[in-house]
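Notes to accompany the following structure.
2 protein chains.
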Amino acid sequence: MIFELLTKDPNTHARRGRLHTGHGVVETPVFMPVGTQATVKSMTADQLHDLNVEILLCNSYHLFLRPGHETIHQLGGLHRFMAWDRPILTDSGGYQVFSLSSLRDINEDGVRFQSHLDGSTDFWSPEKAIDVQVALGSDIMMILDDCLAYPSSHFEAEKSMHRSLVWADRCKKHREGRTPEFPNSANSGIQVCAPALFGIVQGGIYHDLREESATRLVGMDFPGYAIGGLAVGEPKPLMYEIIDRVEPHLPAAKPRYLMGVGTPADLVEAIALGVDMFDCVMPTRHARNGWLFTKDGHIVIKHAKYKDDPEPVDATCGCVVCRTYSRAYLRHLFIANEILSSVLNTIHNLYFYLDTIRRIRQFIEFHHFDEFLREARKAGFTPS
Amino acid sequence: MIFELLTKDPNTHARRGRLHTGHGVVETPVFMPVGTQATVKSMTADQLHDLNVEILLCNSYHLFLRPGHETIHQLGGLHRFMAWDRPILTDSGGYQVFSLSSLRDINEDGVRFQSHLDGSTDFWSPEKAIDVQVALGSDIMMILDDCLAYPSSHFEAEKSMHRSLVWADRCKKHREGRTPEFPNSANSGIQVCAPALFGIVQGGIYHDLREESATRLVGMDFPGYAIGGLAVGEPKPLMYEIIDRVEPHLPAAKPRYLMGVGTPADLVEAIALGVDMFDCVMPTRHARNGWLFTKDGHIVIKHAKYKDDPEPVDATCGCVVCRTYSRAYLRHLFIANEILSSVLNTIHNLYFYLDTIRRIRQFIEFHHFDEFLREARKAGFTPS
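Each protein sequence line maps, in turn, to chains A and B.
Okay, so the first sequence: first residue is 561 according to our numbering, each after it adds one.
Okay, so the second sequence: first residue is 561 according to our numbering, each after it adds one.
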């Protein structure tokens, strides 16, 4: 994987870059829709292509449990399985092991846990996280990190951060030389690419720990760095401050990825602080709950006031839903519990996120991102 | 509406025709997917276009209750509301009033009923059925008929059939001169077309009653005739026999529509008996339950045997799902309760129905439909 840093905004830390992966090019800053179970909920691959989604995130933990990474591997890998020919980033499963499963035991080796699906017991380790991601055929893999609860003491955060560093090192060592090989890939046209492995900066809300984590990860020389453990309940200003303080310790020539974040406002602010990559379930999950993003704030489509409303969700939006359907129709679908409600709302919300990022990229290219930032803050279009 | 009878199969009663409506041309025999609540469940308009769906059926009763036919009318009619620019056939609401609502009172005037959604009381009459369908902007409307339970005695069936005849006459009189006018339609590009009104042959399982119903309806001169009250529990051979006995009483120059039928085998058999139009929830509803039609029978996608199956649902099928996804992926989506499962399964099943009908049209054109019929019976591809 190669990262090109194309230009920087002169008045903020915003960056315009380009990721070259084995499955194609990704323009950064980029928002990655979440395809937890090998599907971005309710979207066909065609719809994702029409939205110009450039890269997806999939969850190793979910796919390990169901249908199983070995099954996906035997079927030619995740790209072929879900018919997605563009890049895929996989998480390490750590976050889900810590948040979804019943933990049985955690030590330096790894985590013994119970599946949230059927209660079966399994073991997750740095090596396992790599094996699963290699088997899936991910383009960008993540190291397994110890996911800290919020709030945590400095002592707890330090211990956890150190464990994450040890695990990062084990992931890196285990990854070396491992390139996915798929059954019959020579005859099947399956593209086999050496995956990149990103480090993850941890350290809770403590600047000294974050700095140590970043510095030592950079010493290990990863092709990209994520900032993990944020948006877990800490105040927004603190989150921005942590990003701001971590940023100088990350090499300019490598992409930076803020995991699991966030609202449109979060994206704008974090881009101003030098972040290149994002993922979040917010646009897709909110869509299914009838919460639709617009440039003037959001609308909750089930409200009675939309019953007869012939206007689109957002008259300034260029998505196929806004060009085609009235709020009244979208409200009807939501109230009637129709599947098409989730489909259309998801298309609109993803378009909103991706279009916002596209516009941001343009503003960075023209070295006017500070203007976009000012307008976005004034409009407050992005309630958190 | 104009119906062209293009050709007839020399060895069966199968017909090849063409319906010209204000919203475009429909090749017959035709299968109409069901869009109960102004949406074919889980399908976007683009997906229906890609499947080359030529005409949809929508349910007046459902749309009357929610969001209300007046609301849809104010928003420019059903075509604009659901962004469907091809023809729409609406039922009269009779079947749903009889089957879904709590009936309060039925007499010659109409039916007092309680909504299955909120228990509110309303009144349905032949005139109401026309008003609702005109307000929706339907291309083909249906008369309100009295829907008989199965089994029913000759006495009950006769009484019901006579009531349906009286109602048919009232529908026809009420319809005359009524053309939908939509608010601002002159400036909105909304196409306003005079809808056709079809009569419905009733009479239960009694040939004399069916014959009387058909003859008297034909005397009223409708632009098309439906056969109603079948596939309600009677044995299949009896259903076919009734169609066979009604057919000679229907004018060759008008389209015949078998309501709510059925399995692929039913379609093949009924086409051989001279039927031109069909609707059924089977392909879409079965899709959501993971029942997928194939030329060799059906498959139930949740079965464990498909867990690692790299093959498409049907290797001979040309649909985008079979060209793209494995059974293993479709099983995974179904087991994981993903929305995309309903979407992809629906695309496949609708394609199967529409492709079957397309092939049938070709066989009729080449005067070889008897061959298709023989092969279909032998293959038994269509369990009922």
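No residue lacks a Cβ here, since even glycine has one placed at the ideal position from N, Cα and C.
Please read these numbers as outputs of a predicted model, since none were measured by experiment.
Taking a contact to mean a Cβ-Cβ separation below 8 Å, would you say residue i touches residue j in this structure?
i: A/I859; j: A/L611; result: no
i: B/Y710; j: B/E801; result: no
i: A/L616; j: A/W644; result: yes
i: A/C753; j: A/D699; result: yes
i: A/I787; j: A/R738; result: no
i: A/S773; j: A/G763; result: yes
i: B/N909; j: B/P824; result: no
i: B/R626; j: B/D836; result: no
i: A/P740; j: A/A695; result: yes
i: A/L827; j: A/T916; result: yes
i: B/D647; j: B/M701; result: Correcting the residue identity first, residue 647 of chain B is Pro in this sequence and not Asp. Not in contact: B/P647 and B/M701 (Cβ atoms no closer than 8 Å).
i: A/R887; j: A/Y911; result: no
i: A/I924; j: A/D569; result: yes
i: A/I899; j: B/S602; result: yes
i: A/V880; j: A/L852; result: no
i: B/F558; j: B/L914; result: Examination of residue 558 of chain B is not possible in this model, given that chain B is present from 561 through 944 alone.
i: B/F742; j: B/G636; result: yes
Contact criterion: CB-CB distance below 8 Å. Does residue i meet it with respect to chain B?
i: A/L635; result: yes
What do you get for residue i, buried or exposed, if any count of 16 or more other CB atoms within 10 angstroms of its CB means buried?
i: B/A812; result: exposed
i: B/V600; result: buried
i: B/I562; result: exposed
i: A/G878; result: exposed
i: A/H609; result: exposed
i: B/P943; result: The predicted model places B/P943 with a pLDDT of 45, which falls under 50 and marks its position as unreliable; any figure quoted below should be read in that light. So B/P943 counts as exposed.
i: A/E829; result: buried
i: B/D706; result: buried
i: A/E614; result: buried
i: B/K938; result: exposed
i: B/G779; result: exposed
i: B/E935; result: exposed
i: B/K688; result: buried
i: B/P589; result: buried
i: B/H573; result: buried
i: A/G653; result: buried
i: B/T775; result: exposed
i: B/K733; result: exposed
i: B/L566; result: exposed
When the cut-off is 8 Å and only beta carbons count, does residue i lie next to chain A?
i: B/K862; result: no
i: B/F641; result: yes
i: B/D868; result: yes
i: B/P943; result: Because the pLDDT of B/P943 is 45, which lies under 50, any placement of that residue in the model is unreliable, and the number read from its coordinates should be weighed accordingly. Chain A, which has no Cβ nearer than 8 Å to the Cβ of B/P943, makes this no.
i: B/T604; result: yes
i: B/A598; result: yes
i: B/K814; result: no
i: B/K601; result: yes
Nearer than 7 Å: is that true of the beta carbon of residue i relative to any heavy atom of the ligand COA?
i: A/K865; result: This structure lacks the ligand COA; in fact it carries no ligand of any kind.
Task: Selection of the stretch 880-893 of chain A by Cβ proximity to chain B, strictly under 9 Å - done: Residues of the stretch 880-893 of chain A whose Cβ lies closer than 9 Å to any Cβ of chain B, in chain order: V880, T884, Y885, S886, A888, Y889, R891, H892, L893.
- [ ] Could you list the residues in the stretch 895-906 of chain A with a C-beta less than 8 Å from some C-beta on chain B, going in chain order?
- [x] Considering only beta carbons, the part of the stretch 895-906 of chain A lying closer than 8 Å to chain B consists of I895, A896, E898, I899, L900, S902, V903, L904, in chain order.
Task: Minimum length 4: unbroken alpha helix (DSSP H) runs contained in the stretch 802-872 of chain A - done: Uninterrupted alpha helix (DSSP H) stretches at least 4 residues long and entirely within the stretch 802-872 of chain A occur at 824-832, 842-848, given in chain order.
Open item on the list: Going residue by residue through the stretch 625-690 of chain B, where are the continuous beta strand (DSSP E) segments of at least 3 residues, counting only ones entirely within it?
Closed with: Runs of the beta strand (DSSP E) lying entirely within the stretch 625-690 of chain B, each at least 3 residues long, are 648-650, 662-666, 671-674, 681-684 in chain order.
Open item on the list: Which runs of the alpha helix (DSSP H) at least 4 residues long sit entirely within the stretch 876-927 of chain A? Give them in chain order.
Closed with: Fully enclosed alpha helix (DSSP H) runs of 4 or longer: 880-884, 887-895, 899-925.
TODO: With 7 Å as the C-beta to C-beta threshold (strictly closer), list the residues of the stretch 608-633 of chain B near chain A in chain order.
DONE: Within the stretch 608-633 of chain B, R626, P627, T631 place their CB atoms closer than 7 Å to a CB of chain A, listed in sequence order.
TODO: Starting from the N-terminal side, write out each stretch of the alpha helix (DSSP H) that is 4 residues or longer and does not extend beyond the stretch 716-763 of chain A.
DONE: Here the runs fully enclosed are 745-748.
TODO: Return the chain-ordered ranges of every beta strand (DSSP E) run that is complete within the stretch 563-618 of chain A and spans a minimum of 3 residues.
DONE: Positions of the beta strand (DSSP E) runs, each at least 3 residues long and wholly inside the stretch 563-618 of chain A, are given as 575-581, 584-588, 590-592, 616-618 in order along the chain.
- [ ] Let me know the beta strand (DSSP E) ranges lying completely inside the stretch 772-804 of chain B, each 3 residues or longer, listed in chain order.
- [x] List check, beta strand (DSSP E) in window: 785-787.
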